[in-house]
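All remarks here apply to the structure that follows.
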Amino acid sequence: MLGRRILQFFLIFALGLLMLMGVKYGLGLSDYVIPGPGEIITTSQAVAQDYFFDTLNTLMVAVIGQCISIFMAFFVGITARKSTWAGTLIKAAAYNIQAYPIVAVAPIIFILLGDGFISRLLIAAMICYFPLLLSVIGIMAEPITDMEHFYIATGRMRWQLEVKIRAFENMAKLTTVIAGSSTLAMAGTIVAEFIAANQGIGHSIRIALYQSDLSRILTALFLIGLFLSIYQEILEGVGKRLTSGWILPKGVENEDL
Amino acid sequence: MGLTCQHLEYRYPRSDEWVFRDLSFCLDRPGFHSLFGPSGVGKTSLARVIAGEINGFKGELDRGEIKTVLYTYNQERLPGWAPIERHLDRITPEGREDLRAHLVEVFGLVPVMGQTFSQLSLGQQNRINLLRYLLQDFQLMIMDESLANVDERSKETILLEIKALFPDRYFLYISHNLIEVARFCDRIFLFRGIGKSPQAITFTGLNTRKTNQPGRDELDAVLLEIMNAG
């Protein structure tokens, strides 16, 4: 059975395609501007295999970039959760830096690091990192007073326990933020490939753009959406399993306070 | 000597309103005492001042021989990732396992030990919360509505057992139930609000114990005395 995310994607993509056809036949546009369904299907069949591996390549970079940014966001967010001068400084820096469009820095990264894997990874991680960081800081800096009071009053509070309580109480929020950040990571990777990289689906889209080949672009969009939906479905599933495993008593055997 | 407060006054930062002012009272002996009064007169704020959770007050607060103060309130929660029993295991100091087992039984919590906190009723949640505090080191415990939502019979059993188990400790019981306060407490500090002077008046309650059950007439007399003063 198809997951909710994947089903939503199919519906939206079909709607988008219908709208495009509506525009084409409504305005009487030529096949050169918007190709007909037959040409789209023929082109898709021709490029599907190459684009499949290109999208897979992009997704791999996005996943690694997202993992790095999740790790970084939690590391910095946990460090910055306290109202100390260091915490305040990190928070202020994070808020200010995230206001700057990371995509604008991308050309500098390509100049310095070339158009290979590292540049794409770095841009994906950076685009995904700051929104994630702001959410993690927001969650980790907010005390769960009614739960933490006992441990503070009896001198049992440790930073690990504090983080565990706050993460546990905000698990649904964290899962949503992490699943949402996958879109950003994918977008970051595609943007990087679109600007200068020599691999990935963004690179293929750029070539299709130069050829004004909308059929290829639509095929690429379909695969990007499909891969991203599957990835988000997996992330949300993992989040649900984690949450239920933590909350339900049957999962407590492995827990340690 | 126990706790002495002299001319205590406090208002929250950036507020013009005093929570309490020129407040004086003395907790001169161990036992089960009460902070009593209508909502908003500053009982919880005073409790948190005494527990050291609020600073920035004026006046004199001498904790005397009391070194460890614990403040517990009725909306506290236990984390939901483990059952109650696992939490209690982790927070029970060494050598107090028997006390824990006894309290679990007296508090009527044996059947819920395998459940998580969110699966309990409000009364059970409050009992578990109070129980875990009673297992810790303390000389003064402030119980802020700690037995709210607990039925009268269980409440009586619990209060009498606490008094029997910890005769040398200080307790400050915050409750809005006048009968309960009059029956079980020794000293009753009646808070009358910021506009009245003195702001707190001390009464002597019936201090009911397992071995001492006062009669109806004595209870009526204490109730009348407190109601007339309020």
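Taken in sequence, the protein lines are chains A and B. Using the working numbering, the letters of the first sequence correspond one by one to residues 139 to 395. Using the working numbering, the letters of the second sequence correspond one by one to residues 147 to 376. The C-beta atom is built at its ideal place from N, Cα and C for all residues, glycine as well.
Cutoff 9 Å: residue i Cβ touching any chain B Cβ
i        : result
Met159/A : no
Lys220/A : no
Glu393/A : Caution applies to Glu393/A, whose pLDDT of 42 falls short of 50 and renders its modelled position unreliable; the value that the coordinates give is listed next. At least one chain B Cβ lies under 9 Å of Glu393/A.
Arg294/A : yes
Lys302/A : yes
Endpoints, the alpha helix (DSSP H) within which residue i is located
i        : result
Ala230/A : 223-236
His341/A : 338-348
Ile288/B : Note, Ile288/B: premise wrong, no alpha helix (DSSP H); beta strand (DSSP E) at 286-290.
Arg232/B : 230-237
His248/B : 243-252
Same chain, Cβ closer than 6 Å to residue i, five either side skipped, listed in chain order
i        : result
Gln370/A : Arg143, Ala317, Ser320
Lys309/B : Phe178, Arg355
Leu181/B : Lys189, Leu318, Ile320, Phe335
Thr238/B : Arg246, Leu281
Gly377/A : Thr313
Short CB-CB distance (under 9 Å) between residue i and chain A
i        : result
Glu224/B : Reading off the sequence, residue 224/B comes out as Leu, not Glu. Answer yes: the Cβ-Cβ gap between Leu224/B and chain A drops below 9 Å somewhere.
Ala197/B : yes
Ile308/B : no
Tyr219/B : yes
Leu370/B : no
Leu377/B : Residue numbering for chain B in the displayed model covers 147 to 376; residue 377/B lies beyond these limits and cannot be assessed.
Residues of its chain near residue i, where Cβ-Cβ distance is below 8 Å and the 5 sequence neighbours each way are ignored
i        : result
Ser367/A : Gly141, Arg143, Ile144, Gln146, Phe147
Arg194/B : Ile200, Tyr217
Cβ-based neighbour list, residue i, same chain, cut-off 7 Å, excluding 5 preceding and 5 following
i        : result
Ile202/A : Leu259
Pro360/B : Leu352, Thr354
Gln270/B : Leu255, Val258
Glu391/A : Caution applies to Glu391/A, whose pLDDT of 42 falls short of 50 and renders its modelled position unreliable; the value that the coordinates give is listed next. The answer is none, since no qualifying residue turns up.
Phe212/A : Val274
Glu231/B : Met259, Gly260
Ile282/A : Ile303, Arg304, Glu307
Neighbour-count burial assignment, residue i, 16 or more Cβ in a 10 Å radius
i        : result
Ser342/A : buried
Lys301/B : buried
His248/B : exposed
Gly293/A : exposed
His322/B : exposed
Asn234/A : exposed
Pro184/B : exposed
Glu240/B : exposed
Thr350/B : exposed
Asn308/A : buried
Pro173/A : buried
Extent of the continuous beta strand (DSSP E) run through residue i
i        : result
Asp332/B : Taken as a continuous stretch (DSSP letters only), Asp332/B belongs to no beta strand (DSSP E), as it is neither H nor E.
Leu154/B : 149-156
Residues within the stretch 193-218 of chain A neighbouring chain B, beta-carbon criterion of under 8 Å: none
Short-range partners of chain B found in the stretch 268-291 of chain A, where Cβ spacing is below 7 Å: Within the stretch 268-291 of chain A, the qualifying residues are Asp284, Met285, His287, Phe288, Ala291.
Near-chain A residues of the stretch 270-281 of chain B (beta-carbon distance less than 9 Å), N- to C-terminal order: Listed in sequence order: Asn275, Arg278, Tyr279.
Residues of the stretch 305-334 of chain A with Cβ closer than 7 Å to any Cβ of chain B, in chain order: Phe306
Interface positions of the stretch 232-252 of chain B facing chain A (Cβ-Cβ less than 8 Å), listed along the chain: Arg232, His233, Arg236, Ile237
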